[in-house]
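Peer 1:
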Amino acid sequence: MKKFIISGGGTGGHIYPAIAIADEIMRRNGKHEVLFVGAEGKMEMEKVPKAGYRIIGLPMRGLQRKLTLANLSVPFRLLGSLWQAQKLIRDFGPDAVVGVGGYASGAVMQIAAWANTPILIQEQNSYAGLTNKLLAKAASKICVAYPAMEKYFPAAKIVFCGNPVRRDLHALAGLRPKALAHFGLAEGRKTVLVIGGSLGAKTINECFKTAVAPLLEAGHQLIWQTGKGYVAQVQATVVARPGLFVSDFIYQMDLAYAAADLVISRAGALSISELCLAAKPAILVPSPNVAEDHQTKNALALVNQHAALLVRDEEANEKLLGTVLDLLADEAKQQRLSANIGQLAKPEAAKEIVDELFKLIEA
Numbered sequence: 005m006k007k008f009i010i011s012g013g014g015t016g017g018h019i020y021p022a023i024a025i026a027d028e029i030m031r032r033n034g035k036h037e038v039l040f041v042g043a044e045g046k047m048e049m050e051k052v053p054k055a056g057y058r059i060i061g062l063p064m065r066g067l068q069r070k071l072t073l074a075n076l077s078v079p080f081r082l083l084g085s086l087w088q089a090q091k092l093i094r095d096f097g098p099d100a101v102v103g104v105g106g107y108a109s110g111a112v113m114q115i116a117a118w119a120n121t122p123i124l125i126q127e128q129n130s131y132a133g134l135t136n137k138l139l140a141k142a143a144s145k146i147c148v149a150y151p152a153m154e155k156y157f158p159a160a161k162i163v164f165c166g167n168p169v170r171r172d173l174h175a176l177a178g179l180r181p182k183a184l185a186h187f188g189l190a191e192g193r194k195t196v197l198v199i200g201g202s203l204g205a206k207t208i209n210e211c212f213k214t215a216v217a218p219l220l221e222a223g224h225q226l227i228w229q230t231g232k233g234y235v236a237q238v239q240a241t242v243v244a245r246p247g248l249f250v251s252d253f254i255y256q257m258d259l260a261y262a263a264a265d266l267v268i269s270r271a272g273a274l275s276i277s278e279l280c281l282a283a284k285p286a287i288l289v290p291s292p293n294v295a296e297d298h299q300t301k302n303a304l305a306l307v308n309q310h311a312a313l314l315v316r317d318e319e320a321n322e323k324l325l326g327t328v329l330d331l332l333a334d335e336a337k338q339q340r341l342s343a344n345i346g347q348l349a350k351p352e353a354a355k356e357i358v359d360e361l362f363k364l365i366e367a
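All letters in the sequence shown, in the order written, are residues 5 to 367 by the numbering used here.
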C-alpha cells in the first residue's frame, strides 16, 4: 500500500484533474491511500468529498491584485499553512506528493521538498501557474498538457501527458437517449450545451439571456450551466419553457456532453481537454480575466488545427448568437470540427501521469 497527498485547487480546472489522478491511483490498488489538501473556503472543500476523498484545508490565501486589508493577513496565513503542512507530511507520511496548482499546493510541496519526499507537478495550462513555476526546481517530474513548456520548466523534468479528465467521459457512445431524458429534452432537435466554467462566465450568461428565445424558436434546445453566482439572476430573467434546462452546476457532465450537438465554453484547460475527449463541435469564448490571457492561447491551439471556433469576449454580444445559429445550420462544418477536435484528445492522460508518479517511488 502506498500513500499520496494531492494538493491544490481553487477552480474546477485544478480540482477535477486532481480527482482523475486519485481515481487512477485507486483503480490500480484500492488499498492505496490518497489525502487531498486544499485551501479553506475554496471549491475543493466541497467537490473533493463528493468524489469520495478526504480533504484537509489550509488557511492559505493569495494576494489580492488591488490594495486591501485582507493582504495584511497573507504572511500569517502562509506561516500557518507551512506549519500545518509540516505536521501533515510528518503524520501522514506520503510516499509522494502531487501538486496541481493553486495556493495550498505551494505550502505542501515546499514542505515535501524539505522532507525529501518525491514531488510531481501537474500543469494544466499552456501558461504555467505561479505556484508551479516557483516549485519547479523542487519537483522530480512535471507533467504538462501542452507542448513547448520548456520556457517555464526544466526540459529534463517535463513529460507531455495531457490533462486527465473523469473516466465517465471516456464512454459517451449510446448515452444520448438517457441524457436527453435526464435533462427533459426531446429527440430530433439540436442541443446546445453552455458551460462557463465551474464558477460561471458573466459574458456568456449575459449573451444567452437574449439568445434563449431565438434558439428555441429556431427549433433547438439548450442545457445551460450558469455557475452559482449567476443562477438566481438567470432564473429571474429567463422564463422556464420546454427545451430549456438551467442549473448552477452540472454533476452529470457525461450526460451533458452525450446530449450536446454543440458546446459553448470558456477555454480553460480542463474544458478543452474534455471537449477533445467528447469530440464535440465547440465555440470558445476565452475569459479575459486570466494571467497572460492564457485562455486565448488555449483556444488558439484548437482554432489553428481547425478544431474549434473562437469568439472573443469583447465581441460576444455582437457575434456569439449568430455564430451559434450559423454552425447549427452547417452539418458538414459540425462534422469537420468534431473529427478534428477528437484527434487532439489525450484519453490516457491520467494513466500516464500515475505511471510517472509510481516511477518516482520506485526509483
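Don't be surprised by glycine CBs; every beta carbon is placed ideally from N, CA and C.
DSSP has ALA295 in a bridge; who is on the other side?
Peer 2: Answer by DSSP bridge pairing: none, since ALA295 is not bridged.
Peer 1: Report yes or no: do the stretch 100-117 and the stretch 11-22 share at least 3 C-beta pairs separated by less than 8 angstroms?
Peer 2: Contact annotation: the stretch 100-117 touches the stretch 11-22, with at least three C-beta pairs closer than 8 angstroms.
Peer 1: Please state whether DSSP places ASN75 in a helix, a strand or coil.
Peer 2: Unreliable positioning characterises ASN75 in this predicted model, as indicated by a pLDDT of 41, which lies under 50. A coordinate reading is not provided.
Peer 1: For LYS155, which three-state DSSP category applies?
Peer 2: coil
Peer 1: So, for ILE268: in the same chain, excluding its five sequence neighbours on each side, which residues have a beta-carbon less than 6 angstroms away from its beta-carbon?
Peer 2: Around ILE268: VAL198 and ILE287.
Peer 1: Can you tell me whether ASP95 is buried or exposed, with buried defined as 16 or more other CB within 10 angstroms of its CB?
Peer 2: exposed
Peer 1: Can you tell me the Cα-Cα spacing of PHE249 and PRO218, whole angstroms?
Peer 2: 15 angstroms
Peer 1: If I measure Cβ to Cβ from GLU154 and keep anything under 7 angstroms in the same chain, skipping five residues before and after, which residues do I get?
Peer 2: ILE162
Peer 1: Among GLN338, LEU361, SER275 and LYS363, whose alpha-carbon lies nearest the alpha-carbon of ALA349?
Peer 2: Residue SER275 is the option with its Cα nearest to ALA349.
Peer 1: What are the boundary residues of the beta strand (DSSP E) that includes ASN229?
Peer 2: It is Gln, not Asn, that sits at residue 229 in the sequence shown. Counting along the chain, GLN229 sits inside the beta strand (DSSP E) bounded by residues 225-229.
Peer 1: Going along the chain, which unbroken runs of the alpha helix (DSSP H) with 4 or more residues stay wholly within the stretch 247-293?
Peer 2: Counting only runs of 4 or more, we get 257-263 and 273-282.
Peer 1: For ALA320, I'd like the list of residues in its chain whose CB is within less than 6 angstroms of its CB, leaving aside the five on either flank, ordered along the chain.
Peer 2: THR207, CYS211 and VAL289
Peer 1: Between the alpha carbons of LYS6 and PRO98, how many angstroms are there, rounded?
Peer 2: 8 angstroms
Peer 1: Between which two residues does the beta strand (DSSP E) containing THR15 stretch?
Peer 2: Unbroken run through THR15: none, as it is neither H nor E.
Peer 1: How about THR121 and ALA143: do their beta carbons lie closer than 8 angstroms?
Peer 2: no
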